[in-house]
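Peer 1: In my numbering, the protein residues as written are 71 to 284.
The beta-carbon is built from N, C-alpha and C at its ideal position, and this holds for glycine as well.
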């Protein structure tokens with residue numbers, strides 16, 4: 071019995087150490103992403119990566135568990151900056167070029183429209199000639215029968231989600247991968263379908279109340 075208790079204590083200590091390591095990594099990565107989102111300009115993220123990478127070398131002057139924890143924290147801190155820089159460069163930065171521009175674009179409807187106080191809104195993916203599509207939320211007045219997977223052609227004024235001071239609205243858009251708000255000018259033309267299979271879950275649950283899907 072005593073032997074079993076000793077083994078349990080050893081196992082508990084190992085698990086506790088592993089949890090502490092994971093917590094250290096998660097804290098460093100999360101801290102870097104929060105700083106990148108709210109405080110550090112996009113153009114300085116690579117510099118931050120270089121600084122934190124260099125700082126991690128100082129951890130080798132520490133001893134014992136402090137060395138490992140410092141290394142884990144600083145390297146995960148660096149990874150957070152690098153991840154945010156790459157993600158922003160691939161998915162977010164292209165939307166900045168469309169800010170305050172009125173353009174005619176082709177887009178794919180990502181979800182069923184929902185009513186607003188002054189009309190309707192729909193989540194769309196604006197297609198580009200090169201690179202990933204840009205997520206946007208389309209606002210319009212006249213009811214239009216749209217379904218996930220519809221390919222539409224629209225003319226709209228695009229505004230970057232970051233341009234508003236309404237932080238709740240910014241977070242709501244960005245959390246859904248919508249980096250632009252698009253305000254329709256004219257009508258929506260449905261020109262085809264991108265294939266309904268990938269949007270089948272949304273179609274199957276279309277009858278559920280909206281708060282179950284959002």
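Going along the chain, which residues of its own chain have a beta-carbon closer than 6 Å to the beta-carbon of residue 228, five neighbours each way excluded?
Peer 2: 168, 171, 250, 252
Peer 1: Can you look up residue 98 in the DSSP assignment and give me helix, strand or coil?
Peer 2: helix
Peer 1: Below 8 Å between beta carbons: does that hold for residue 191 and residue 209?
Peer 2: Contact check for residue 191 against residue 209 passes: the beta carbons are separated by less than 8 Å.
Peer 1: Hey, residue 134 and residue 98: beta-carbon distance below 8 Å or not?
Peer 2: Cβ atoms of residue 134 and residue 98: not closer than 8 Å.
Peer 1: Using three-state DSSP, classify residue 228 as helix, strand or coil.
Peer 2: strand
Peer 1: As a quick exercise: from 200, 174, 199, 222, pick the residue whose alpha carbon is nearest that of residue 193.
Peer 2: 222
Peer 1: Under three-state DSSP, which class holds residue 164?
Peer 2: helix
Peer 1: Applying the 10 Å Cβ sphere with the 16-neighbour rule, what's the burial state of residue 205?
Peer 2: buried
Peer 1: My guess is that residue 120 and residue 144 are in contact by the Cβ rule of under 8 Å, so how many angstroms apart are they, rounded?
Peer 2: With 8 Å as the limit, residue 120 and residue 144 do not qualify as a contact, their Cβ atoms being about 12 Å apart.
Peer 1: What's the call for residue 224, buried or exposed, on a 16-neighbour Cβ count within 10 Å?
Peer 2: Buried, because 16 or more other Cβ atoms sit within 10 Å of the Cβ of residue 224.
Peer 1: Who are the near neighbours of residue 231 in its chain, counting only those whose CB is closer than 7 Å to its CB and skipping five residues on each side?
Peer 2: Only residues of its own chain outside the window of five on either side were considered, and among them 240, 243, 244, 248, 249, 250, 251 have a CB closer than 7 Å to the CB of residue 231, listed in chain order.
Peer 1: Would you kindly check if the distance between the Cβ of residue 102 and the Cβ of residue 154 is under 8 Å?
Peer 2: Yes. Within cutoff.
Peer 1: Kindly list the residues whose CB is nearer than 7 Å to the CB of residue 158, restricted to its own chain and excluding five residues on each side of it in sequence; keep chain order.
Peer 2: 112
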